[in-house]
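Residue numbers (my numbering), protein chains in the order written: chain A, 10 to 508; chain B, 10 to 508.
Ideal Cβ placement from N, Cα and C applies to all residues, glycine included.
Note that the structure is a prediction, hence the values are computed from the model and not measured.
Presented below is the structure to which this report refers.
This is the structure:
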C-alpha cells in the first residue's frame with residue numbers, strides 16, 4: 010500500500026561489472042549464501058519505504074560471524090559498498106541497496122544463544138525477530154520491552170540499527186535503553202564489543218553511538234538485551250476531547266502529575282473516522298481527539314494509576330471516559346491504534362507515514378499547523394501517534410497514479426518535519442533518517458554538527474563503505490536543498506512563521 | 010583524608026617556559042581570569058583523587074562562552090593541552106592538570122538560564138552546582154534526579170564529564186539519562202549542539218558519547234537537563250542478613266519481583282561497624298550485611314512497594330526488618346550510608362575508594378573474594394555500595410605514612426577492578442577512568458576496542474590536546490602494564506581463578 014515510485018536513486022555506474030565481486034564472494038561463502046540473478050535479488054530492492062528502490066549487485070546471506078568478517082574484509086579490499094539488512098521492515102530506506110554494492114542480509118544469524126532469567130538478559134543474534142525474544146523469555150515471566158508496530162516481523166538487528174521505539178517506550182525506553190552490549194564486526198573485519206551488562210561502561214559510550222547508527226559504523230553479530238518482568242496486569246483509559254489542544258494539554262498534565270503510562274497515544278478525528286469503520290473499536294466519533302493511556306504493573310499499582318489518570322483527564326476537560334474492564338476490551342481499545350496503517354490503506358490508494366518528534370508542550374500548535382497544511386498541499390493527513398513521547402506519525406493520504414500528488418506528499422512531509430525542527434523537535438522519532446530524511450538533516454543540524462557526525466563515521470569506517478550516501482548529508486546536498494539550519498526553538502523561516 | 014602522595018605524573022618538560030602562553034591568554038581574557046603564580050595555581054593541582062598532582066602552567070577562568078572559544082582556538086594554535094575542571098570533586102584524577110597545559114576552570118559559568126516547569130527542563134551553565142538545580146526547581150515541585158554524594162559541591166559540567174550516578178540512579182538513571190542536550194565548544198572553537206529536547210535525536214547519538222567522555226572531546230558551555238516531579242513521599246526498608254550472600258540474593262529477588270527501588274544500598278559488617286559509632290543510625294551490629302531499600306512516589310505507591318519489599322526480604326531470610334516511620338527516621342537510616350566516607354576517615358589515616366561494577370548475580374562471590382584479598386594484601390576493606398546497580402565502592406583502609414601500604418592499597422584496588430572485569434563487570438561505575446584506572450582499561454578492553462575509542466577521540470580532537478594521557482591507554486602503556494584483555498565473563502588469570 011506504500012507508493013511504488015522508483016526514485017532513480019543510486020543507478021548502476023556505467024560499465025560496472027558485478028562478476029568479479031560475485032566470484033570473490035563465492036570463494037568465501039557457500040553457493041546458497043550468494044544471490045546474484047535478478048529474480049533472486051529483486052526481493053531485496055527496497056525496505057518498508059518502497060518509494061526508493063535499487064537492485065544490489067549481489068546479496069550475501071552469511072550463516073555465521075566468521076562469514077560476516079570475511080565479507081567485510083573482502084569488500085574493504087575490493088572497495089565495495091555494504092548495506093546491511095535485517096528483516097527489511099524499516100520505514101526510511103535505511104536498508105535500500107547500493108547498486109554497486111553488497112546487500113548483507115543477516116536473516117540467517119537467527120539463534121537465541123542464551124537466556125539468563127536471574128540476570129534478566131538474553132543473548133541473541135541480529136536476525137532474531139523482536140517478538141521471538143519475548144516469546145522465548147515468557148516461560149520465565151520476562152519480556153523484551155521495545156515493541157515497534159512491526160514486532161512480529163522486524164529483527165533485533167534492525168531495531169539496533171534504527172534505535173526502534175514503540176508504544177511502550179515512554180515507560181520502558183527505546184532500543185538504546187534496553188540493549189546492554191553488542192558485538193560488532195568493523196569494516197576491517199575486527200571484532201569489538203561495545204557496552205556491558207553492568208551499568209555505565211568505562212571509556213566512551215560507543216554502545217549508544219552504535220545503536221541507531223543505521224548501518225554506518227559496523228555490522229552487529231550478537232546483541233545482549235535486557236529482559237524485564239512481564240506486568241501482572243494492564244488497563245487502558247480511553248478519553249475523548251473536544252479539541253486537539255485540550256487533548257494535548259491533557260498529555261502534559263498526565264506527565265506533570267508524575268505518571269509514566271505504559272503507553273500514551275493520541276488519534277485525531279481524521280484518524281478515528283478512518284479506523285473505526287474498519288475495526289469497530291467503539292471509538293467516539295464525536296471527539297476531535299482520543300487519548301489511550303495504559304497503566305501496567307501489579308493490580309494495586311494499576312488501580313491506583315488508573316484512578317489518577319481518570320482524575321487528570323476529568324480536570325483536563327475530557328468529554329467522555331472509559332476504562333477497559335477486561336483484557337478483551339483492553340485489546341479492542343488498542344485495535345484501532347494498531348490497525349491505523351491498514352485502515353489508511355482502505356481509504357486511500359497510498360499513504361506516506363512521517364515520523365517527527367516535538368516537545369510535548371507544542372502538540373496542539375503543531376497539529377493545528379498540519380491541519381492548515383492540508384489545505385496548502387491539497388492532501389488529507391491523519392494523525393495517530395505516541396503523544397507521551399511527542400512522537401508524531403502524520404499519515405499523508407495520496408494517490409500515486411496522480412504524479413503531482415507524489416510530489417505534493419513529499420513536500421507536505423518535508424514541511425511537517427521542518428516545522429518539528431522549528432519548535433525544538435527533530436526530523437525522526439524512531440524510524441531513522443535513512444534515504445528519506447537526509448535533506449531535512451540539513452535543516453536540523455549546522456554544518457559543524459554534521460561534520461562531527463562525519464568525523465565519527467570516518468573513525469569507524471575510513472573508506473566510507475558502510476551504507477554510503479545515507480543519513481549524513483554532504484555539503485553539496487545541503488547547498489542543493491537550499492534550506493538552512495534552524496536553531497532549535499527559533500523561527501527563521503518566514504514561510505512557516507505563521508503557524 | 011585522602012592520601013597525599015605525589016605520584017610525579019606529568020612533570021614539567023625541561024626548558025618549558027609558560028610565559029608566552031600566559032601572555033597570549035592575557036591578551037584574550039581579563040587579568041583576573043588568568044592565574045599563573047604558584048600560590049594561585051596550587052589549589053588546582055589535583056581533584057578529589059589527591060594521589061596524583063601536577064601544577065598547571067596556567068589556570069584560565071573564562072566568564073562566558075566566547076572566552077571559552079577564544080581559549081580553545083588559542084590552545085590549538087599554540088599546541089597546548091587543555092584540562093577542563095568543574096568543581097574538582099572527581100575521584101579518578103580526570104581534572105588533574107597537565108604541567109605544560111591550561112587548566113580551564115568553568116566555575117564562573119554558573120548561571121541557571123531557564124527553567125521550564127511545563128516541559129520539565131532546565132537550561133544551565135556547566136559551573137552550576139548539582140544541588141542548586143534541584144533547589145531552583147523546588148518551587149515548581151520538580152528536581153534533578155542524579156545525586157552523587159558530592160552533590161552539594163559538584164558541578165553539573167563535571168557530572169556530564171563523568172556521567173555521574175548516585176543513590177537514585179537505579180530508578181532514575183545516570184547523568185546520561187537525565188541530560189537532554191549539551192552545547193559544546195570543540196577544539197577548533199566551533200559550537201555544536203548534541204541531543205534534543207525530543208526523545209531520540211536523528212543521526213548518531215553523540216550526546217551519549219559526549220556524556221562521560223571525561224573532557225576528551227570538547228568543553229561544555231550549556232546543558233539542558235530533565236526535571237522530574239518530586240515524589241510526594243518516601244520510606245526506606247532496612248533489612249539485616251546473616252551473610253553477604255543472603256543479602257546479595259535478596260537484591261536479585263527485589264529486582265526479579267519487578268520492583269525498582271528509588272535506592273538499594275548494601276553495607277557489609279565492616280562498614281556497619283565503622284559508621285555506627287560515628288552516626289548512631291541504629292544499625293544492627295550483629296548483621297553480616299545490611300540493605301537499605303527505598304520506595305518513593307504517592308503514599309499509595311509507597312505503601313504498596315514497602316509491603317512487597319518486606320515480603321521479598323522475609324522470603325530471602327532477613328534476620329531483622331525495620332521500616333522508617335517518619336521522615337526523620339528515614340534520614341537517620343540513610344545517615345550511616347551517606348557518612349561512610351567521613352567515618353572511614355575516623356578509623357583509618359587514609360582510605361582509597363574504588364568504583365567497580367558487576368552483574369548483580371555475582372555480588373556474593375565478589376564480596377567473598379574481596380574478603381580473601383584483605384588477607385593477601387594485609388589491609389582492611391569496608392564495602393558500602395549501590396547494590397541494586399551492582400556498583401561496588403570498596404573502601405580500602407591504609408596509612409600513607411607507611412610507604413608500602415600505599416603500594417599495597419593500589420595493588421589491592423587494581424586486583425578488585427580486575428576481578429570485576431573477570432565476572433563480566435567494569436572497572437568504573439560512576440567515578441570515571443581518569444588517571445586512576447587507565448591501566449585497568451588494558452584489562453577491560455581489547456586493543457581493537459581501545460582503537461575504536463581513540464578513533465572517536467581523534468574525530469573530535471585531531472591534535473589530541475583535550476585532557477591528554479588519560480582514560481584511553483596507549484599500546485605502550487598496556488604492554489608495560491603487562492596484563493591482557495579479559496573477555497567479559499571469562500576466567501583467564503590463573504592467579505585470580507581461585508575466587
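Give a yes or no on whether the minimum CB-CB distance between residue 505 (chain B) and chain A is below 8 Å. In the second chain, the residue the question calls residue 505 (chain B) occupies position 496. Model confidence at residue 505 (chain B) stands at a pLDDT of 42, short of 50, so the residue's coordinates are unreliable; what they give is reported in the following sentence. Chain A, which has no Cβ nearer than 8 Å to the Cβ of residue 505 (chain B), makes this no.
Under the rule that 16 or more other beta-carbon atoms within 10 Å means buried, what is residue 91 (chain A), buried or exposed? Position 82 of the first chain holds residue 91 (chain A). Residue 91 (chain A) counts as buried, since at least 16 other C-beta atoms from the protein chains shown sit within 10 angstroms of its C-beta.
Please classify residue 410 (chain A) as buried or exposed, where buried requires at least 16 other C-beta atoms within 10 Å of its C-beta. Here residue 410 (chain A) refers to the residue found at position 401 when the first chain is read from its first residue. Classification for residue 410 (chain A): exposed.
If we define contact as Cβ-Cβ less than 8 Å, is residue 199 (chain B) a contact residue for chain A? Against the second chain, residue 199 (chain B) aligns to sequence position 190. Residue contact with chain A for residue 199 (chain B): present (Cβ-Cβ distance below 8 Å to some residue of chain A).
At a Cβ cut of 8 Å, what residues of the stretch 258 to 275 of chain B count as close to chain A, listed as they run along the chain? For the stretch 258 to 275 of chain B, which is checked against every Cβ of chain A, the residues closer than 8 Å are 261, 264, 265, 266 and 267.
Supposed contact pair residue 356 (chain A) and residue 406 (chain A) - C-beta distance, whole angstroms, cut 8 Å: Within the first chain, numbered from 1, the residue matching residue 406 (chain A) stands at position 397. Within the first chain, numbered from 1, the residue matching residue 356 (chain A) stands at position 347. That pair is a contact at about 7 Å.
Any Cβ of chain A within less than 8 Å of the Cβ of residue 400 (chain B)? Counted from its first residue, the second chain places residue 400 (chain B) at position 391. Output row for residue 400 (chain B): interface = yes.
With H, G and I counted as helix, E and B as strand and the rest as coil, what does DSSP make of residue 116 (chain A)? Numbered from its first residue, the first chain carries residue 116 (chain A) at position 107. Coil.
Tell me the DSSP bridge mates of residue 235 (chain A)? Here residue 235 (chain A) corresponds to residue number 226 of the first chain, with the count starting at 1. Note: residue 235 (chain A) sits in a beta bridge opposite A:130.
Below 9 Å between beta carbons is the criterion; list the residues of the stretch 119 to 134 of chain B that meet it against any residue of chain A, in chain order. Within the stretch 119 to 134 of chain B, those residues whose Cβ lies closer than 9 Å to any Cβ of chain A are, in chain order, 125, 126, 127, 128, 129 and 130.
Listed from N- to C-terminal order along the chain, which residues in the stretch 313 to 343 of chain B have their beta-carbon within a distance smaller than 7 Å of any beta-carbon of chain A? Of all residues in the stretch 313 to 343 of chain B, 313 have a Cβ within less than 7 Å of some Cβ in chain A.
Could you round the C-beta distance between residue 101 (chain B) and residue 494 (chain B) to whole angstroms and report it? I think they count as a contact, below 8 Å. In the second chain, counting from the first residue as 1, residue 101 (chain B) sits at position 92. In the second chain, counting from the first residue as 1, residue 494 (chain B) sits at position 485. Residue 101 (chain B) to residue 494 (chain B), Cβ: 21 Å. No contact.
Simplified DSSP assignment, three categories, for residue 305 (chain A): Locating residue 305 (chain A) in the first chain gives position 296, where the first residue counts as 1. Here residue 305 (chain A) carries a strand assignment [DSSP, helix/strand/coil].
By the 10 Å Cβ neighbour count, where 16 or more other Cβ atoms means buried, how is residue 30 (chain A) classified, buried or exposed? For the purposes of this step, residue 30 (chain A) is identified with residue 21 of the first chain, where counting begins at 1. Around the C-beta of residue 30 (chain A), 16 or more other C-beta atoms lie within 10 Å, and the residue is accordingly described as buried.
Going along chain B in order, which residues have a C-beta closer than 8 Å to the C-beta of residue 206 (chain A)? Locating residue 206 (chain A) in the first chain gives position 197, counting from the first residue. Within chain B, the residues placing a beta-carbon under 8 Å from that of residue 206 (chain A) are 368, 433, 434 and 497, ordered along the chain.
What does residue 481 (chain B) reach in chain A if we use C-beta pairs closer than 9 Å? The sequence position of residue 481 (chain B) within the second chain is 472, counting from 1. Neighbours of residue 481 (chain B) on chain A, chain order: 212 and 213.
For residue 437 (chain A), go through chain B and note every residue whose CB falls closer than 7 Å to its CB, in chain order. Here residue 437 (chain A) corresponds to residue number 428 of the first chain, with the count starting at 1. The answer, in chain order, is 211.
Please state the DSSP three-state secondary structure of residue 61 (chain B). Your numbering for residue 61 (chain B) matches position 52 in the second chain. Correct three-state label for residue 61 (chain B): coil.
Can you give me the Cβ contacts of residue 293 (chain B) inside the same chain, cut-off strictly under 7 Å, excluding the 5 residues immediately before and after it? Numbered from its first residue, the second chain carries residue 293 (chain B) at position 284. The residues are 249, 299 and 329.
Residue 280 (chain B) by DSSP, collapsed to three states: which one? Here residue 280 (chain B) is taken as the residue at index 271 of the second chain, counted from 1. Residue state, collapsed to three classes: helix.
In three-state DSSP terms, what is residue 124 (chain A)? Locating residue 124 (chain A) in the first chain gives position 115, counting from the first residue. Three-state result, residue 124 (chain A): strand.
Cβ-based burial, residue 366 (chain B) [other Cβ within 10 Å; buried from 16]: Position 357 of the second chain, counted from the start, is the residue given in the question as residue 366 (chain B). If you draw a 10 Å sphere on the C-beta of residue 366 (chain B), you find 16 or more other C-beta atoms in it, and that means buried.
As assigned by DSSP and simplified to three states, the class of residue 107 (chain A): Looking up residue 107 (chain A) in the first chain gives position 98. Here DSSP, grouped into helix, strand and coil, assigns residue 107 (chain A) to coil.
Residue 238 (chain B) CB to nearest chain A CB: under 8 Å? Counting from 1 along the second chain, the entry for residue 238 (chain B) is found at position 229. Judged by the 8 Å Cβ criterion, residue 238 (chain B) is in contact with chain A.
Would you tell me roughly how many angstroms separate the C-alpha atoms of residue 484 (chain B) and residue 456 (chain B), rounded to the nearest one? In the second chain, residue 484 (chain B) corresponds to position 475, counting from 1. In the second chain, residue 456 (chain B) corresponds to position 447, counting from 1. Taking the straight line joining both Cα atoms gives about 8 Å.
Would residue 179 (chain A) and residue 239 (chain A) be called neighbours here (beta carbons separated by less than 8 Å)? Here the question's residue 179 (chain A) lines up with position 170 in the first chain. Here the question's residue 239 (chain A) lines up with position 230 in the first chain. No, they are not a contact pair.
Leaving aside the five residues before and after residue 51 (chain B) along the sequence, list all residues of the same chain whose C-beta is less than 8 Å from its C-beta, in chain order. Taking the first residue of the second chain as 1, we reach residue 51 (chain B) at position 42. Excluding sequence neighbours, residue 51 (chain B) sits near 64.
Any beta carbon from chain B within less than 8 Å of residue 287 (chain A)'s own beta carbon? For the purposes of this step, residue 287 (chain A) is taken as residue 278 along the first chain, with counting starting at 1. It does not: the Cβ of residue 287 (chain A) has no partner Cβ on chain B nearer than 8 Å.
Return the first residue and the last residue of the alpha helix (DSSP H) that residue 87 (chain A) is part of. The sequence position of residue 87 (chain A) within the first chain is 78, counting from 1. Boundaries of the alpha helix (DSSP H) harbouring residue 87 (chain A): 74 to 87, taken from the DSSP string.
Need the endpoints of the alpha helix (DSSP H) that residue 143 (chain B) sits in, please. Your numbering for residue 143 (chain B) matches position 134 in the second chain. First-last of the alpha helix (DSSP H) with residue 143 (chain B): 139 to 146.
In chain order, what residues of the stretch 145 to 174 of chain A put their CB closer than 8 Å to some CB of chain B? Taking 8 Å as the Cβ-Cβ cut-off against chain B, the residues of the stretch 145 to 174 of chain A that qualify are 172 and 174.
Name the two residues that bound the continuous beta strand (DSSP E) containing residue 91 (chain A). As a position in the first chain, residue 91 (chain A) is number 82, starting the count at 1. Residue 91 (chain A): member of the beta strand (DSSP E) spanning 91 to 94, first to last residue.
Does residue 87 (chain A) get closer than 8 Å to chain B when you measure Cβ to Cβ? Translated into positions along the first chain, residue 87 (chain A) becomes position 78. For residue 87 (chain A), the nearest beta carbon of chain B is not closer than 8 Å to its own beta carbon.
Residue-chain proximity (residue 143 (chain A), chain B), Cβ-Cβ < 8 Å: Looking up residue 143 (chain A) in the first chain gives position 134. No, no contact with chain B.
C-beta atoms of residue 424 (chain B) and residue 349 (chain B) nearer than 8 Å: Within the second chain, numbered from 1, the residue matching residue 424 (chain B) stands at position 415. Within the second chain, numbered from 1, the residue matching residue 349 (chain B) stands at position 340. Going by C-beta atoms, residue 424 (chain B) is not nearer than 8 Å to residue 349 (chain B).
So is residue 310 (chain B) in contact with chain A if we call contact Cβ pairs under 8 Å? Looking up residue 310 (chain B) in the second chain gives position 301. At least one chain A Cβ lies under 8 Å of residue 310 (chain B).
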